[in-house]
Amino acid sequence: MTAPGGVPPVLSADALRRLRREAALRLAELAALYAELPATRCRRRARCCALLPAATLIEALAVLDRLAALPGGTRRRVTRRLVEWFFRNAVEIPGCPFLEDGACLVYEARFFGCRAYGLWSPGRYRRLAEADRAAREGLRAQWARLGVHLPRAVTGFHVPYCREVRAAAGTLPGDETLLDLSERVEALSRAAGPAHETFRTVFYGDLGFLAAALALGLDGAVAGKFHWTRAAVQGRAAGPAPPEGEIPDLFGP
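Just so we're aligned: the sequence shown equals residues 608 to 860 in our numbering.
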């Protein structure tokens, strides 16, 4: 399958499969980095699964590797939810596409942001949340210039700080350890070259955006989200998001 509608060739569906194969050693290194974090336990209320975190390409490839191993029907369901996430996330909090029946379908390969949630100190987490909220307020201003006023309940949302995460053994890492690990994950991802930078600058580290672009074309995904979002905030029937129709099995083996 070639990349439709302007999707950069380095991130076409075929290119992603090739990247996964070629990144086998880097994915093993990523798993080793993740293993530096202690095993944790919590009450498993899934509050941290309200959002799909932004990620580096290497993190996304690890998740796609896990997604490819799921049964075809499950994989297609998740792929549609990824596209739905992209369409809906400007006007509602749709929840992480990988969450199903209260469980994460890609838990073993989950993103660094998922792993670090509950490990940051309250002060560091507050600063991260404030930076994220400021970025989304900037996005809200961009939409407003197009005549679309996003709900502040969405642009101002952040996942509450969690005090229920405990190390299964030993102690939790400090902020400096987490920052160092985050930088090492980023460095590992940069080894993917142009594909890493394209995922960061074109798709903003959003796997839902990439899925929508692969399914509908880059231009079709952006235009479709704009029209759906405008209709939703104006109280008009926005229709299904994405539009009715078969979403291809983009992330199969």
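Ideal Cβ placement from N, Cα and C applies to all residues, glycine included.
- Looking at Ala822, Arg770, Arg687, Tyr714, the one whose alpha-carbon comes closest to that of glycine 730 is Arg770.
- Looking at Thr836, Leu659, Leu735, Ala799, the one whose alpha-carbon comes closest to that of glycine 754 is Thr836.
- Runs of the alpha helix (DSSP H) lying entirely within the segment 631 to 707 and spanning at least 4 residues, in chain order: 631 to 641, 664 to 675, 679 to 695.
- In the DSSP assignment, the residues bridged to arginine 773 are Arg648.
- Just so you know, the alpha carbons of arginine 633 and leucine 825 end up roughly 28 angstroms apart.
- DSSP, read as helix, strand or coil, puts alanine 799 in coil.
- Relative to alanine 736, the option among Arg807, Ala794, Pro660, Glu699 whose CA is nearest is Pro660.
- Here threonine 686 is buried, its C-beta having at least 16 other C-beta atoms within 10 Å.
- Note that the segment 800 to 812 does not touch the segment 742 to 751; fewer than 3 beta-carbon pairs, one per stretch, sit closer than 8 angstroms.
- Rounded to the nearest whole angstrom, the CA to CA distance from cysteine 656 to tyrosine 724 is 10 angstroms.
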